[in-house]
Amino acid sequence: MDSLYATLLADTRFHDLLLACDRDLADECRAEGCELCGGRLHSARYPRKPRGRGCRLGPEHDQRFSFCCAVDGCRSRDTPPSLRFLGRKVYVAVIVVLIAMLQHGATASRMERLSDVVRVDRRTIARWRKWWREAFTATPFWQLARAAFMPPVDQGQLPATLIDRFTGDDADRLIALLRFIGPVTGGADMQAR
Ligand SMILES: [Zn+2]
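The numbering of the sequence shown is my numbering, which starts it at 28 and goes up by one.
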């Protein structure tokens, strides 16, 4: 499993696909207008240089889509969901999913190989596992969404138990999972830290 994912991470087409998904989500967000006043939104992207991508990518990959309301006195910021950036985390979202997932059922040597490839230290990995177990499961999004799964998803084994609920090949399931958790990746408060 780890080598499959390592191949995916090194594939620029995979990252281009995630970027295209983010563009669509940004277009939808912009079309809806300001959440507070309905005003027009102006582009207010901010630079991000996420770690763990495994290949060289163009500068268009180093920006997070975000908007700012054009109405004086409002100017509220609206950050659409993203398949690439998980809140303020410094690693790409896909790494936060994969590393946490491979912890479960993965052998120690496999884990070491993967964390070597993306150079994630053990403290960071422990923090992500805690985020999945505690912060993610406490979000209003998950509190509602989990009811749709039958049988219930084992929350102690997240995100491995969640990705199993999606169909398709590895890339398909990964993208489906990233899309699914979209609501916790953006918004005004960006809960994912
Ligand atoms: Zn506004």
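We put the beta carbon where it would ideally sit given N, CA and C, even for glycine.
query	result
Nearest to K76 (by Cα), restricted to the options R91, F168, C64, D199	R91
Heavy atom of ligand 1 within 7 Å of S103 beta-carbon	yes
Spatial neighbours of M28 in its chain, beta-carbon cut-off 6 Å, leaving aside the 5 residues before and after	Residue confidence for M28 is low, a pLDDT of 49 falling below 50, so the modelled location carries little weight; the figure read from the coordinates is stated next. For M28, where only same-chain residues beyond five positions count, there are no Cβ hits under 6 Å.
I190 and L110 closer than 8 Å at C-beta	no
Member of G209, W155, L129, R150 whose CA lies at the smallest distance from the CA of P167	G209
Residues bridged to V119 [DSSP beta-bridge criterion]	F112
Contacting residues, own chain, Cβ-Cβ under 6 Å from Y32 (five flanking each side not counted)	L125
Which of helix, strand or coil DSSP assigns to F168	helix
Inter-residue Cα distance where the pair is C48 and L185	23 Å
Between the CA atoms of L63 and S70 - distance to the nearest angstrom	17 Å
Residue from R80, F176, L68 with nearest C-alpha to A221	Nothing about residue 221 can be reported from this structure: the residues present for the chain run from 28 to 220 only.
Span separating the alpha-carbon of C82 from that of G100	42 Å
Coarse secondary structure for R220, derived from DSSP in three states	The predicted position of R220 is uncertain, since its pLDDT is 37 and thus under 50; a value taken from the coordinates is nonetheless stated next. R220: coil per DSSP, three-state reduction.
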